[in-house]
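One structure is given below, encoded as structure tokens.
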Amino acid sequence: MIRIRLAVIVAIGLLCAGPVQARRGVLPSNQRVSAAGKQVNLGLFPAGMAISRDGAFLLVTNNGFLGQSLMSVNTTTLRTKFQTIETGFNSLFQGIVLAPDGRTGFASAGGWENNTGETVVRIATIADDGKVTAAGCDSGGCISVNGFPAGLAISPDGQKLFVVQNLAHALAVVDVASRTMLTSIVVGKSPWSVAVHPTRHEVYVTNRGDRTVSIVDTDLNRVVATVPTGSNPNALAVTPDGSKVFVANANTDDLTVFDVANPTAARTISLTPFAGARPGASPSALTISPDGAAVYVALSWENAVAVINAATEALQGYIPTGFYPSALAVSPDGQTLYIANMKGARTYPRTPKLQKADYRFNIDLGGTYGVRGTLSVLPVPSVAKLAGYTGRVRFNNGYGAGLRPSNHRPAPTPCFPIPCAAEDITPIRHVFFIVRENKTYDQVLGDLPQGDGDPSLVLYARDRQGREISPNTRALAQEFVLMDRLFANSEKSEPGHNWVMGAIDTDYGERTWVPVSFEVRPDDIGSHLSNEDGDVVRGTVYPIATPEGGFWFDNCHEHNVSFRNYGEFLRTDEAGVPLDYWAQNTNDDFSVFDLRVSDVSRYEVWRADFEQQVAAGTVPQFTYIALPNDHTDGRTSGSPVPEWYVADNDYALGKIVETISNTTEIWEHAVIFVIEDDPQSGGDHVDSHRTVGLVIGPYVRRRAVIHTRYDMASMHRTMELILGLPPMSIFDQMAIVMRDVFTETPDFTPYSALPQQIPLAYNGEGTSGAALSRRYNFSRPDRVPDAVLNQILWDYFHERERRR
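Residue numbers are given in numbering that gives the first Met the number 0: position 741 of the sequence shown equals residue 740, and the series is strictly consecutive.
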């Protein structure tokens with residue numbers, strides 16, 4: 000296990016003087032963000048939050064990977080102070096709770112291990128001035144709890160701490176005074192959160208893996224009942240009078256409610272925004288007002304909080320939030336609502352600035368990894384105010400009158416070549432979807448005068464000798480459509496591959512990609528990018544990480560659309576066995592992510608298969624091809640130089656297009672979509688999520704510049720309409736169809752690939768880039784911190800490397 004310790008525990012002073020001005024913006028998905036209330040800057044990816052019993056302080060766990068921290072917020076002044084915890088990548092996780100004294104906090108550390116190899120819960124204190132102090136494990140600041148500590152809760156008397164053991168499928172009971180674990184109780188699969196009954200000796204545990212809540216008797220130390228829930232139950236809360244338990248189900252967009260006295264009679268409260276909506280609201284956090292009257296539910300992908308009447312269990316309305324609300328709290332007097340927004344106020348450009356002699360990207364406001372969280376603070380709204388807020392949420396999400404989708408551009412008549420409905424005819428029969436790795440628009444296309452680019456951010460146009468690095472990508476963008484407002488919805492590969500495969504990432508995926516990337520083996524917690532003991536293997540995605548609407552191959556299979564997989568992960572059943580129809584339609588000779596294999600050799604594997612399909616008349620309706628080598632291996636000594644990797648990837652793309660376009664019987668009925676799985680490794684002056692995308696085919700416009708805002712889901716919806724498939728999530732259901740890209744008049748002129756100009760050369764030893772690259776794991780996608788890889792590549796291409 001690679002573990003980088005950039006610093007030990009470091010105390011940091013005042014972060015923010017108080018509330019900041021609210022900012023409105025448009026997200027990559029075309030949703031608008033306009034958070035209610037005052038806004039306070041937090042750290043990166045605030046995932047958990049607790050409020051003291053006296054209401055004086057909030058304690059927040061910031062789980063981003065550019066420095067994880069515990070942060071206090073003075074609820075009177077809204078001033079914040081924080082302490083960085085083991086600056087690295089997996090020092091904190093989800094769980095956060097304050098003891099009854101309001102000044103002692105406990106925070107789960109997930110996969111972080113102490114010197115004896117045990118995972119831990121961290122202990123912190125808040126001083127009267129808000130200063131947060133968390134001693135290191137060597138100084139007694141940790142409680143050893145194995146099994147990847149997740150959710151936390153504390154008994155009303157403060158004597159027992161309940162710790163969810165996510166990977167052990169158990170609940171630990173800890174004696175607070177002695178800081179020792181008393182027992183571990185087996186619960187359901189992949190437990191996540193825990194809540195304590197105010198008077199009964201019971202606690203309640205959500206189990207994401209098997210859609211249940213375990214009711215645990217804390218006198219008997221065993222599960223006494225199990226309550227079925229919706230998919231991926233995550234957050235839960237008990238009403239102050241102890242009569243009801245409310246459970247948020249992230250994947251099915253609903254709540255499960257049961258009476259403590261009769262848990263078998265559970266009810267469901269739907270949180271879907273309109274009839275027929277596909278999954279995607281993603282309820283991920285909830286809290287209940289002190290008087291027990293209202294339940295507040297964070298709808299993460301709708302950037303809203305739903306307000307539920309706890310007595311009638313009816314939806315009352317919505318409150319607009321920042322980007323991806325992730326944690327909630329209510330003041331003890333019930334008058335103030337606190338909302339942590341994991342991805343902040345909006346998305347931002349990522350532009351360079353010089354700091355001393357080194358290049359850094361501006362990670363405070365930009366950088367897909369450096370998304371800075373915010374706290375929204377607002378009075379609990381009146382009925383009238385809530386009605387106004389509800390209207391704003393509907394507008395922000397593109398829901399029209401009667402909560403019907405309203406953000407689609409009017410379809411042309413006739414609906415050709417992109418159908419409007421299943422009965423419409425299209426000449427396109429074969430869709431090819433090519434997925435590459437980690438590039439922004441400005442990195443590759445930013446110097447093209449036709450589009451909105453920043454030439455100063457271009458890295459992959461030409462090398463120092465003037466040789467073209469990406470001739471095919473640039474030629475195809477100029478010959479067909481140059482799209483300068485295409486955005487990725489993801490920050491890195493874990494969420495990115497869910498987005499390119501399923502048009503959404505699950506809340507589970509959003510909250511686990513940092514520990515997946517840097518500390519815990521991905522297969523332990525259900526990632527699709529498995530790679531054990533240094534041997535590259537085909538990854539799998541377990542049910543817990545699968546969106547409710549499934550993935551492309553599920554959609555094709557369920558609707559009798561033929562498909563073929565080249566290089567993507569395999570979906571498994573509960574036992575970890577790949578689903579038959581995924582495995583049977585996957586080419587096992589096509590290498591998955593492995594930088595030791597050239598993309599041109601991947602092309603040759605696909606070409607051999609394609610030629611057989613053409614001869615047999617069995618070319619699939621949907622073909623998925625992964626070309627990962629534009630990821631590069633940084634400056635790792637002995638590996639090919641970055642520009643060669645990108646050139647190899649570019650030539651493979653050109654050869655695929657050449658092969659298809661010169662196969663007349665296929666080309667006349669084909670379209671090729673190309674996207675990056677995320678925009679992780681570069682700068683962009685418009686938005687850190689803006690990326691490189693191509694659409695190629697005889698029914699695609701020629702030499703056109705498209706300024707329409709599209710995202711990954713736009714590609715999905717367009718391909719689905721061509722193939723007669725339903726949307727997989729609310730994002731592709733609501734996406735803007737890429738009609739501006741297409742024409743009714745075909746041009747069957749084939750494409751000839753431009754030759755690769757960059758010769759094979761290898762990174763040497765003795766440079767700052769080589770030394771930095773050596774510290775990180777390039778054998779899997781995006782295992783290198785964003786700012787670090789940016790620095791490595793920028794310094795290299797701008798000849799700023801230092802000799803070591």
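Backbone N, C-alpha and C define an ideal beta-carbon position, used for all residues, glycine too. In this text the structure is predicted, and so the values were computed from the model without any measurement.
Counting only residues of its own chain and dropping the five nearest sequence neighbours on each side, Thr571 has a CB closer than 8 Å to the CB of Thr539, Val540, Tyr541, Pro542, Pro577, Leu578. Two segments are said to touch when three or more pairs of C-beta atoms, one from each, lie closer than 8 Å; by this definition the region 160-173 touches the region 183-195. Here the alpha carbons of Thr255 and Ser288 stand approximately 18 Å from one another. For Ile125 and Ile624, the gap between their C-alpha atoms comes out near 52 Å. DSSP, read as helix, strand or coil, puts Gly47 in strand. The C-alpha of Pro639 lies about 16 Å from the C-alpha of Ala651. Between Thr690 and Thr545, the alpha-carbon positions lie close to 25 Å from each other.
Restricting attention to Pro413, Glu112, Arg207, Phe672, the CA atom closest to the CA of Glu573 is found in Arg207. Across the set Asn396, Arg23, Ala769, the C-alpha of Asn396 shows the shortest separation from the C-alpha of Ala280. Contact check between the region 713-722 and the region 662-669: fewer than three CB pairs, one atom from each, fall below 8 Å, which does not count as touching. Inter-segment contact for the region 588-602 and the region 546-559 is absent: fewer than three beta-carbon pairs are separated by less than 8 Å. Look at Ile122 here: in three-state DSSP terms it is strand. Under DSSP, Tyr761 forms a beta bridge with Pro639. Counted as a single uninterrupted DSSP element, the stretch harbouring His200 is not any alpha helix (DSSP H), since DSSP gives it neither H nor E. Of Val599, Arg510, Asp587, His496, the smallest CA-CA separation from Gly549 is found for His496. The residue among Val613, Leu485, Phe621, Trp643 with its C-alpha nearest the C-alpha of Pro627 is Trp643.
The C-beta of Asp53 has fewer than 16 other C-beta atoms within 10 Å across all chains shown, which makes the residue exposed. Within the model, the alpha-carbon separation for Thr335 versus Asp127 is close to 21 Å. Put simply, the backbone Cα of Gly508 is about 26 Å away from that of Gln583. The secondary-structure analysis by DSSP pairs Asn61 across a beta bridge with Pro45, Ser68. Residue pairing from DSSP places Phe486 in a beta bridge opposite Arg689, Asp710. Buried is the label assigned to Asn61, since at least 16 other Cβ atoms lie within 10 Å of its Cβ. Beyond the five residues adjoining it in sequence on each side, Val294 comes within less than 7 Å, by CB distance, of Phe245, Leu285, Ile287, Ile307, Ala309 in the same chain, given in chain order.
Uninterrupted beta strand (DSSP E) stretches at least 3 residues long and entirely within the region 201-250 occur at 201-206, 211-216, 221-227, 232-237, 243-248, given in chain order. Taking 9 Å as the cut-off, the Cβ atoms of Val202 and Val185 do not count as close. Closest in alpha carbon position to Thr635, among Leu374, Lys130, Ile757, Arg774, is Arg774. DSSP lists no beta-bridge partner residue for Gln93.
Excluding sequence positions up to five before and after Gly316, its CB lies within less than 6 Å of the CB of Val306, Leu385, Thr389, all in the same chain and listed in chain order.
Taking C-alpha positions only, Asp588 is separated from Val599 by approximately 14 Å. Annotated three-state conformation of Gln477 is helix, per DSSP. If you draw a straight line from the Cα of Glu422 to the Cα of Asp506, it is about 35 Å long. Within the same chain, and ignoring the five residues on either side of Tyr698 in sequence, the residues whose Cβ sits closer than 7 Å to its Cβ are Pro416, Pro426, Ile427, Val670, Phe741, Thr742, Pro745. Cα atoms of Glu312 and Val259: separation of roughly 15 Å, rounded to the nearest angstrom.
With a beta-carbon spacing of about 5 Å, Val457 and Gly445 fall inside the 8 Å limit used to define contacts.
Looking at Gln755, Thr748, Met718, Tyr347, the one whose alpha-carbon comes closest to that of Glu490 is Tyr347. The straight-line gap separating the alpha-carbon atoms of Pro197 and Asp156 is approximately 10 Å.
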